[in-house]
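Numbering of the sequence shown is given in our numbering, commencing with residue 10 and proceeding in unit increments. Glycine included, C-beta positions come from ideal geometry on N, C-alpha and C. Keep in mind it's a predicted model, so treat the numbers as computed, not measured.
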Amino acid sequence: MAHCRPRILKPERYPVAAIRCLLAPLLWPVLAACANPAVVARSATPRTKEVPGRGEYRWEAHSGWIRPSLGGWGSPAQIRTDARKAFDSGSYADALDGFRAYKERIPANVGSLGETNFMIAECYYHLDRYDDAIEFYREVYQKSKPKGDILNRTFQRVYDIAMDYLKETAACSFLGLYYNCPGRGIDLLVGDNGLITEYPNLSFADDAIYAIGTHYFNIKEYPEATPIYERLINHYPQSEWHGLAEYYVALSIFKQVRGTDYDEKVIQDAERKFRLYLEHYPRGPQAEDAREKLREITQILGAKNLKIAKFYLRESEPGAAKIYLRIVLDKYPRSTAAREAREIQRKLERL
10 MAHCRPRILK
20 PERYPVAAIR
30 CLLAPLLWPV
40 LAACANPAVV
50 ARSATPRTKE
60 VPGRGEYRWE
70 AHSGWIRPSL
80 GGWGSPAQIR
90 TDARKAFDSG
100 SYADALDGFR
110 AYKERIPANV
120 GSLGETNFMI
130 AECYYHLDRY
140 DDAIEFYREV
150 YQKSKPKGDI
160 LNRTFQRVYD
170 IAMDYLKETA
180 ACSFLGLYYN
190 CPGRGIDLLV
200 GDNGLITEYP
210 NLSFADDAIY
220 AIGTHYFNIK
230 EYPEATPIYE
240 RLINHYPQSE
250 WHGLAEYYVA
260 LSIFKQVRGT
270 DYDEKVIQDA
280 ERKFRLYLEH
290 YPRGPQAEDA
300 REKLREITQI
310 LGAKNLKIAK
320 FYLRESEPGA
330 AKIYLRIVLD
340 KYPRSTAARE
350 AREIQRKLER
360 L
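Take a look at the structure:
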């Protein structure tokens, strides 16, 4: 190291020597560490782990976990057994790998395909990957249609997922952002390819439809709530929700009334639906409220016809005005408008 003693070197003449002298103090600790065998990371005995459907993985210091070749996965029966063990122990990611590997190695028409698709869907479900789960649940009830309990469990699981979306206990994601998407649940149940659309006689079909109608009603989407409630009324007359559906379809129509200046048909539809509810459930839990709404409708329709009568009076057509005054007095005699209609009628008679 004599050449590294301090002395002035001309870089243009001794470039290599100058660099060595400057770097030598810095490199000695590194070189010493590299020479020390205690820092070697390689293990003489590679670690291994068993992954269902994949076989045995081996740890290499420089490569990490080495995935075995296809031939090392074992027989389909063994893959299926290992995957089931992983699922039962709660190792859903490993079980998913196993069941997918098993599906790749069995014929498309084998009897266990429906169960395999169900187990793949269940793995996705427990991993909170609902969209992927739905894809395989649909494979079960649209294509495989296995016998026994699996089909019913599939129906129930799709219903549960849809209700999670509807109640906003599950969310959709886009570019890593999560947002509530109750419409996703509605589409899963009553969309064009929805579960209830394809299987309207499921035991929970009326529950699902009533929940959707209530969702629309609660967010004040009354035009959307109305046909949903009517669907329940028309297709599930024995449902425990039938009475509530009759009341809420009337109330949903009534909520669309915006005053006397708008279409009278909406008001009359609401009146007809409330009367139908009272006819079927005269002592129902919403009966008194339905009667109160009918009194409000009476006031609205009385005022509307009185307004028309006044219009004809302004247009100097007393004959037409008398017709609408008579409607107010005959059909809505208890309305506030009826008192004014009587006064106007008496003035017209004196004239």
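Can you give me the Cβ contacts of Asn45 inside the same chain, cut-off strictly under 7 angstroms, excluding the 5 residues immediately before and after it? Here Asn45 scores only 42 on pLDDT, less than 50, and its place in the model should not be relied on; the value that follows carries that caveat. Contacts found: none.
DSSP-derived helix/strand/coil call for Phe213: coil
Quick one, which of Gln151, His135 and Lys156 has its alpha-carbon nearest Gly120's? Lys156
Decide yes or no for the touch test of the segment 303 to 318 against the segment 338 to 356: beta carbon pairs closer than 8 angstroms, at least 3 of them. yes
By the three-class DSSP mapping on this structure, what secondary structure does Ala346 have? helix
Buried or exposed for Gly192, going by 16 or more other Cβ atoms inside 10 Å? exposed
Neighbour-count burial assignment, Leu241, 16 or more Cβ in a 10 Å radius: buried
Between the segment 176 to 196 and the segment 152 to 166, are three or more C-beta pairs nearer than 8 angstroms? no
In the DSSP assignment, find the unbroken alpha helix (DSSP H) run with Lys182 in it and report its ends. Reading off the sequence, residue 182 comes out as Ser, not Lys. Here Ser182 belongs to no alpha helix (DSSP H); instead the beta strand (DSSP E) covers Ala180 to Phe183.
Sheet register partners of Asn243 (DSSP bridge): Beta-bridge pairing links Asn243 to no other residue.
Residue from Ile221, Asp215 and Thr163 whose Cα sits closest to the Cα of Tyr174: Ile221
Ends of the beta strand (DSSP E) at Leu186? Leu186 to Asn189
Euclidean distance between Cα positions of Tyr168 and Leu204: 8 angstroms
If you follow the alpha helix (DSSP H) that Asn314 is part of, which residue opens it and which one closes it? Membership of Asn314 in the alpha helix (DSSP H) is indicated by the continuous run Ala296 to Arg323.
Tyr333: first and last residue of the uninterrupted alpha helix (DSSP H) it sits in: Pro327 to Lys340
Status (buried if at least 16 other CB within 10 Å, exposed otherwise) for Arg323: exposed
Would Asn126 be called buried (16 or more neighbouring beta carbons within 10 Å of its own) or exposed? buried
By Cβ distance, which residues of its chain are closer than 6 angstroms to Tyr187, with the 5 residues on each side in sequence left out? Ala180
Are Ser261 and Tyr219 close, meaning C-beta to C-beta below 8 angstroms? No, these two residues do not count as a Cβ contact at 8 angstroms.
Sorry if obvious, but does the Cβ on Ala95 come closer than 7 angstroms to a heavy atom of the ligand FAD? You won't find the ligand FAD in this model; it holds no ligand whatsoever.
Straight-line Cα distance separating Arg56 from Ala41: Because Ala41 carries a pLDDT of 45, less than 50, the predicted location of this residue cannot be relied on, and no value is offered for it.
Give the straight-line distance between the Cα atoms of Gly123 and Gly194, rounded to the nearest whole angstrom. 24 angstroms
Taking 8 angstroms as the threshold (C-beta atoms), are His289 and Glu4 in contact? Shown here, the chain extends from 10 to 360; a query on residue 4 therefore has no answer.
Around the C-beta of Arg359, are 16 or more other C-beta atoms found within 10 angstroms, so that it is buried, or is it exposed? exposed
Should Leu184 be labelled buried (16 or more other beta-carbon atoms within 10 Å of its own) or exposed? exposed
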